[in-house]
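Student: My structure is below; once you've seen it, I'll send some questions.
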Amino acid sequence: MRGLRSLESLYKTASTSRVLNLFQVHNQNSEVDEYARRPFFQDPTLNRAIFVKHRLRSDETYLMPRSSPVATKIIFPFDKKTLRAGGQSILIGQSGYQQTLIEMLGGEQSHMDEDFRLLDLLSKLPSLDPFLLKETLTRYGFAPADCYFAMSNADIERMRSFAGEQIQQLITLAFGGSNNQMGHSIKRMVDAILTKDTESRLDPLRITLGLDGQQFEDSIFSWKGFLYFKWQFRGSMVKLQSLASALDRVSLEGAVDRDLETTIAEQRVALKKAIQKAARGCVAILSLYDDAFNDLVEHGNAAAFRKFLLEAPRLFIELGHSMGVISHITSFWDYRFPIPNRLHMQASEFYEMLNEFLTSLTETSYYDLSRRD
């Protein structure tokens, strides 16, 4: 376990897909009745921890019994009121982690069964996007309060302009008004959708969609999810295309026998095909959203968009899994090759990296996650 000294930076800049910040949720909602009644974890200390999808460093790989480039790290801040003092961490699944975690929490295993089941589920997810997380937990019988599934402030800021572009047409349909009022209406609606405020400011949209109460709350969550994945997909595709075009330009260093050279050549071809397949899968799901949304803004067909939003959560697991895998692949490529025109790598290391990428893109664990036990 390590002491961490950059938790405040992590809190300010991290993407929702990488971090689940229960420390922040506690600070903002500890007085809320629903927070107390429906905790994420039963253990109070665990329920104030920070969870991070963490790419393992070379000196950490020995901790994990199974070879994987990414693990889920639990961080316990030293100070319950601030992140400035850093924290202590442990990896879910590292050798002997359950007993170590029990000792850290000062509890007994008999009281931790459900929490360990939930930790195992978190470790299997490719990302911590709230949309993927909420739907997966629901399917496995967990029902934490809604406050645990908020977007990070960093992601909200990065998404504002994109969301505004996406919903400009809908503003005219649901809110009306002159062009002079359009900019203000867009800002108000984006703020309402990206934050938890789905009350009076979205009444015109609620009326347009013919939804009330929890159905409307769930529909806004679904809409926010697809806006988030569309925004994430746009940036990820640029990085994926760059990665695919760079694959053949990586020069191999060290000893390279004919068999290894042949295998790597086959891997390059297979990975480019896997990337194309993953991209097509994401496009197919996002197209369902685009078709329903366009039907609403172009033809006024609120019923079709309403139906899509109510059915949308079942698509989050497959889409979220794919986006999580793509995000990890592109982020590791950027880490390994920070200078795009300097593509050199030991042949054996390049083989291992390509093999890991192929495994990540071709495994179908999201089907397992989407099945109810």
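Numbering (the working numbering), first residue to last: 78 to 450. The beta-carbon is built from N, C-alpha and C at its ideal position, and this holds for glycine as well.
1. Roughly how many angstroms lie between the CA atoms of TYR412 and GLU433, to the nearest whole one?
2. Does the stretch 348-364 touch the stretch 378-385, meaning 3 or more C-beta pairs lie closer than 8 Å?
3. Tell me whether ASN371 counts as near the ligand COA, meaning its Cβ is closer than 7 Å to at least one heavy atom of that ligand.
4. Kindly indicate the opening and closing residues of the beta strand (DSSP E) around MET422.
5. Compute the beta-carbon to beta-carbon distance between SER296 and LEU286, rounded to the nearest angstrom, for a pair I have assumed lies under 8 Å.
6. With a 10 Å radius around its C-beta and 16 neighbouring C-beta atoms as the bar for buried, classify THR407 as buried or exposed.
7. Put SER238 into one of helix, strand or coil per three-state DSSP.
8. Measure how close the beta-carbons of ILE169 and SER200 come, nearest whole angstrom, since I'm counting them as under 8 Å.
9. Who pairs with ARG265 in a beta bridge, going by DSSP?
10. Whose C-beta lies closer than 7 Å to the C-beta of ASP190 among residues of the same chain, with five residues either side of it excluded?
11. Considering only residues of the same chain and omitting the five flanking positions on each side of TRP410, which have a CB-CB separation below 6 Å?
12. If I follow the unbroken alpha helix (DSSP H) through LEU286, where does it start and stop?
13. Under 8 Å, do ALA231 and GLU330 count as touching if we go by C-beta distance?
14. Check GLU137 in the structure and name its three-state DSSP category.
15. Give me the residue from GLU212, CYS224, TYR174 and PHE370 with the minimum Cα distance to ARG115.
16. When DSSP labels each residue in this structure, what does ASN106 get in the three-state scheme?
17. Excluding five sequence neighbours on each side, which residues of the same chain lie with their C-beta closer than 7 Å to the C-beta of PHE239?
18. Let me confirm a value: ALA332 is counted as buried when at least 16 other C-beta atoms fall within 10 Å, else exposed. Which label applies?
19. Could you check where the beta strand (DSSP E) with ASN98 kicks off and where it finishes?
20. Here's the rule: buried if 16 or more other CB atoms are within 10 angstroms of the residue's CB, otherwise exposed. What is THR339?
21. Span of the beta strand (DSSP E) holding SER166?
22. Answer yes or no: do GLY401 and SER94 have a C-beta to C-beta separation smaller than 8 Å?
23. Taking HIS188 as the reference, which of GLY312, PHE118, LEU209 and ALA323 has the closest Cα?
24. Using DSSP bridges, identify the partner residues of THR149.
25. Check the C-beta distance from ALA389 over to GLY312 and give it rounded, since I have them as a contact under 8 Å.
26. Beta-carbon within less than 7 Å of SER172's beta-carbon, same chain only, minus the 5 sequence neighbours each way: which residues are those?
27. So if DSSP puts SER451 in a beta bridge, which residue, or which two residues, is it bridged to?
28. How far does the alpha helix (DSSP H) with VAL346 in it extend, from its first residue to its last?
29. Looking only at its own chain, which residues have a Cβ that is under 7 Å from the Cβ of LEU317, when we skip the five neighbours before and after it?
30. Please classify VAL129 as buried or exposed, where buried requires at least 16 neighbouring CB atoms within 10 angstroms.
31. Have a look at ALA361 and GLU395 and give me their C-alpha separation to the nearest angstrom.
32. Roughly how far, in whole angstroms, is the beta-carbon of TYR217 from the beta-carbon of LEU196, given that I think they are within contact range, below 8 Å?
33. Would you kindly work out how many angstroms separate the C-alpha atoms of TYR444 and LEU133, rounded to a whole number?
34. Would ARG335 and LEU420 qualify as a contact pair, given that the criterion is a beta-carbon distance under 8 Å?
35. From which residue to which residue does the alpha helix (DSSP H) around GLY401 run?
Tutor: Put simply:
1. If you take the alpha carbons of TYR412 and GLU433, they lie about 15 Å apart.
2. No, because fewer than three Cβ pairs between the stretch 378-385 and the stretch 348-364 fall closer than 8 Å, the two stretches do not touch.
3. By its list of ligands, the structure shown contains no ligand whatsoever, and the ligand COA lies outside what it can speak to.
4. Segment 421-423, the beta strand (DSSP E) holding MET422.
5. Going by Cβ atoms, the distance from SER296 to LEU286 rounds to 7 Å, so yes, they are a contact pair.
6. Counting the other Cβ atoms within 10 Å of the Cβ of THR407 gives 16 or more, which makes it buried.
7. Looking at SER238 - three-state DSSP - the assignment turns out to be helix.
8. Their Cβ separation, rounded to whole angstroms, is 4 Å, which keeps ILE169 and SER200 in contact under 8 Å.
9. BP columns for ARG265 are empty, so no partner.
10. In the same chain as ASP190, and ignoring 5 residues on each side of it, no C-beta atom comes closer than 7 Å to its own.
11. Its chain contains LEU320 as the residues whose beta carbon lies nearer than 6 Å to that of TRP410, once the 5 sequence neighbours on both sides are disregarded; these appear in chain order.
12. Going by DSSP, LEU286 is part of the alpha helix (DSSP H) stretching over 280-286.
13. Cβ distance not < 8 Å, so ALA231 and GLU330 don't count as in contact.
14. Three-state DSSP puts GLU137 in coil, outside helix and strand.
15. Considering only GLU212, CYS224, TYR174 and PHE370, the residue with the shortest C-alpha distance to ARG115 is CYS224.
16. Annotated three-state conformation of ASN106 is helix, per DSSP.
17. When the five nearest sequence neighbours on each side are left out, the beta carbons in the same chain lying within less than 7 Å of the beta carbon of PHE239 are those of TRP308, in order along the chain.
18. Exposed: under 16 other Cβ atoms inside 10 Å.
19. Boundaries of the beta strand (DSSP E) harbouring ASN98: 96-98, taken from the DSSP string.
20. Exposed, by the Cβ-count rule.
21. SER166 -> beta strand (DSSP E) spans 164-168.
22. A distance below 8 Å separates the beta carbons of GLY401 and SER94.
23. Cα-wise, what sits closest to HIS188 is PHE118.
24. Partner(s): LYS130.
25. About 22 Å separates the beta carbons of ALA389 and GLY312, which is beyond the 8 Å limit, so they are not a contact pair.
26. So the qualifying residues of the chain are LEU140 and PRO142.
27. Since the displayed the chain opens at 78 and closes at 450, residue 451 lies outside it and no answer follows.
28. From DSSP, the alpha helix (DSSP H) with VAL346 extends over 335-376.
29. Exclusion of the five residues before and after LEU317 leaves ILE352, ALA356, ILE403 and THR407 as the residues of its chain whose Cβ lies within less than 7 Å of its Cβ.
30. By the beta-carbon neighbour count (other beta carbons within 10 angstroms, threshold 16), VAL129 is buried.
31. Spanning the two alpha carbons is a distance of roughly 11 Å.
32. Rounded, the Cβ-Cβ distance is 12 Å, inconsistent with contact.
33. Bear in mind that a pLDDT of 38 at TYR444, under 50, signals an unreliable position, so the number given afterwards is only what the model happens to contain. For TYR444 and LEU133, the distance between alpha carbons rounds to 26 Å.
34. ARG335 is not a Cβ neighbour of LEU420, given a cutoff of 8 Å.
35. Here the alpha helix (DSSP H) through GLY401 covers 390-413.
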